[in-house]
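Order-wise, the sequence lines are chains W and C. My numbering puts the first residue of the first sequence at 225, with every later residue one more than the last. My numbering puts the first residue of the second sequence at 132, with every later residue one more than the last. Where a beta carbon is used, it is the ideal one built from N, C-alpha and C, also for glycine.
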Amino acid sequence: MNARHGTAWLISVLCLTVAAFITMNVAYGSSKNTAKERVIKIVAQRFSFTPNELKLKKGENVRLEFTSLDFVHGFNVPDLNLRADLPPGKITTLHLTPDKAGTFDFICDNFCGAGHEDMGGKIIVGN
Amino acid sequence: MINRRDFMKLTAIGGGAVFISGLTSLSQAATGYGKGAAYDDFYFVQLSDTHWGYQGPANPEEANTLKKAVATVNGLESQPDFIVFTGDLTHTTDDPKERRKRLNEFRDIVSELKVENVRFIPGEHDASLDNGAVYKEIFGNTFYSFDHKGVHFVMLDNVSDPGANIGEAQLAWLAADLAKQKKDAKIVVFTHRPLFDLAPKWDWATRDGAKAIDMLMPYTNVTVFYGHIHQEHHHQTGHIAHHSAKSLIFPLPAPGSQEKRTPLPWDDSMPNKGLGFREVEAEIKTAEYKIIEFPVSRG
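Below is the structure:
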């Protein structure tokens, strides 16, 4: 490997490392290993999340994959400092590794119509 | 006919709550009215969350409540200098034609108010689904400021963005507007949602509200009046007092007190329980605002 190829290889490795770091820390800094994440697919549409009750284990690596069907809904878990906009036409991913047990409410926090106040659910984290 | 001063004493004695908000000190609730207070500065009336167009069990009198409140305000012995509606004038609808119809009907009803100086800001039910397009056609700008008898009033829009952001453009406007004020200017802010995180899990917050509060913080005499939560609530962020108003459609539970922010049920034995409006006295000499909560009807 000459010096020129070595530099290019080093830059490539750095870029991949940075990209992987960004991917793993979209909104919740405790994500650790995407390879071992449990994937939960969630559909958002006026005025519900399906499923609207997520049962997780403390320390479990989880990837939430959202598909919004009709509006840029919001997904917000204030007690976990976890939120994202959910634009239709794409999958929105959030990574989560809960570090405490409990029940945490989530809501749609982008006003989406007459049933907006009812659009929410729970994350239940067990030990 | 009782005069204004006597009436205010009666409302206090009869259970009407008088809230004294010192602009330079922590707020305190009082059930009596300050003796010897002057009433000749000015006062305004705040109405909020009228939700015209709502139909549901939480208010079977929905077609009459707003009209009764208008009549009650018109019956005040001394008319306020101005009246302000702090959002959710109408109940939301996905149908743009129906939204326009409700906003126009609301405008027609409140046009019966004797006071001509009536100010509005939108709530999310009025403006979030079309970014305030129809609202602006009927009521004009969603954020602006005006001066009245030595007080600078700022109307903030934290609802035209469905994500409850004030937004960078409006925040830049706010910074420029405040820059014209002295640091000890008397400033009153009207907005729909709370600017602080009152109950984020109920969406009772403004996503970038902290930026607005940070801009207001250098000013020593700032008071915020808002709606959205359908009940009287008082909160301090530093020296800035925040007062929410009752609704004129249905009351909501205390912040975070239960799982869902569902309306409190209508009580046939006490119609309009938990509903009302307020008047706010600005006594420039003492730099205090006195807030008096009213039921829908006086009887």
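Could you check if residue i is buried or exposed, using at least 16 other CB atoms within 10 Å of its CB as the buried criterion?
i      : result
W/R262 : exposed
C/F277 : exposed
C/D180 : buried
W/E189 : Because residue 189 of chain W is not part of the residues shown, which for chain W are 225 to 351, the question remains open.
W/T274 : exposed
C/D399 : exposed
C/T322 : buried
W/K260 : exposed
C/K421 : buried
C/I252 : buried
C/E299 : exposed
C/N289 : buried
C/A372 : buried
C/D226 : exposed
C/L347 : buried
C/A385 : exposed
C/D271 : The question names Asp, yet the displayed sequence has Gly at residue 271 of chain C. The residue in question, C/G271, is exposed, as its Cβ has fewer than 16 Cβ neighbours within 10 Å.
C/P349 : exposed
C/T393 : exposed
Would you give the residue range spanned by the beta strand (DSSP E) that residue i belongs to?
i      : result
C/H323 : Run containing C/H323: none; DSSP gives neither H nor E here.
C/Y357 : 352-357
C/G340 : No beta strand (DSSP E) holds C/G340; the alpha helix (DSSP H) holding it covers 340-347.
W/A308 : 306-310
W/N300 : 297-301
W/L261 : Note that residue 261 of chain W is Glu in the sequence shown here, rather than Leu. Run containing W/E261: none; DSSP gives neither H nor E here.
C/V249 : 249-252
C/H373 : 371-375
W/I347 : 344-350
C/S291 : First-last for C/S291: undefined, no H or E at that position.
W/F335 : Element bounds for W/F335: n/a, residue is neither H nor E.
W/I315 : 315-320
C/H222 : Where C/H222 is concerned, there is no enclosing beta strand (DSSP E), given that its DSSP letter is neither H nor E.
W/R287 : 286-292
C/S276 : 275-279
From the beta carbon of residue i, is the nearest beta carbon of chain C less than 8 Å away?
i      : result
W/A338 : yes
W/L290 : It should be pointed out that residue 290 of chain W corresponds to Phe in this sequence rather than to Leu. Answer no: the Cβ-Cβ gap between W/F290 and chain C never drops below 8 Å.
W/S276 : It is worth fixing the name first, because residue 276 of chain W is Asn in this sequence and not Ser. Chain C, which has no Cβ nearer than 8 Å to the Cβ of W/N276, makes this no.
W/G345 : no
W/S305 : According to the sequence shown, residue 305 of chain W is Asn rather than Ser. By this cut-off, W/N305 is not an interface position.
W/P302 : yes
W/F375 : Residue 375 of chain W cannot be examined here, being either before or after the span of chain W that is shown, 225 to 351.
W/F271 : no
W/N334 : yes
W/E261 : no
W/E341 : yes
W/S255 : Any reading at W/S255 must be qualified, since the residue scores a pLDDT of 42, below 50, and its modelled position is unreliable; the value itself is stated next. It does not: the Cβ of W/S255 has no partner Cβ on chain C nearer than 8 Å.
My assumption, with CB atoms under 8 Å, is that residue i sits in contact with residue j. Please give the rounded CB distance.
i      : j      : result
W/F328 : W/L310 : 18 Å between Cβ atoms; not a contact.
W/L278 : W/I348 : 7 Å
C/L244 : C/F408 : Contact doesn't hold; Cβ gap of about 12 Å is too wide.
C/L326 : C/A310 : At roughly 19 Å, the Cβ-Cβ gap does not stay under 8 Å, so C/L326 and C/A310 are not in contact.
W/M276 : W/G345 : As written in the sequence, residue 276 of chain W is Asn, which differs from the Met given in the question. Going by Cβ atoms, the distance from W/N276 to W/G345 rounds to 3 Å, so yes, they are a contact pair.
C/F274 : C/I214 : Rounded, the Cβ-Cβ distance is 18 Å, inconsistent with contact.
C/A316 : C/H283 : 6 Å
With a cut-off of 8 Å, does the C-beta of residue i fall near any C-beta of chain W?
i      : result
C/A385 : no
C/K267 : no
C/R392 : yes
C/L260 : yes
C/D398 : no
C/D225 : yes
C/V411 : no
At what residues does the alpha helix (DSSP H) containing residue i begin and finish?
i      : result
C/N205 : 193-205
C/E363 : Unbroken run through C/E363: none, as it is neither H nor E.
C/R238 : 227-241
C/K313 : Segment: none, C/K313 is in no alpha helix (DSSP H) and carries neither H nor E.
C/E255 : 255-258
C/V265 : 264-270
Should residue i be flagged as near chain D, meaning a C-beta pair shorter than 8 Å?
i      : result
C/S209 : In summary, chain D is missing from the structure at hand, where the protein chains are W and C.
Taking only beta carbons into account, state which residues of the stretch 313-332 of chain W come closer than 7 Å to chain C, listed in chain order. D329, I331
Any C-beta of chain W within less than 7 Å: which residues of the stretch 309-333 of chain C qualify? P331, K332
Along the stretch 292-306 of chain C, where does the CB come closer than 8 Å to a CB of chain W? Name the residues. P293, G294, A295
The stretch 233-256 of chain C: positions lying closer than 7 Å to chain W by Cβ: E255
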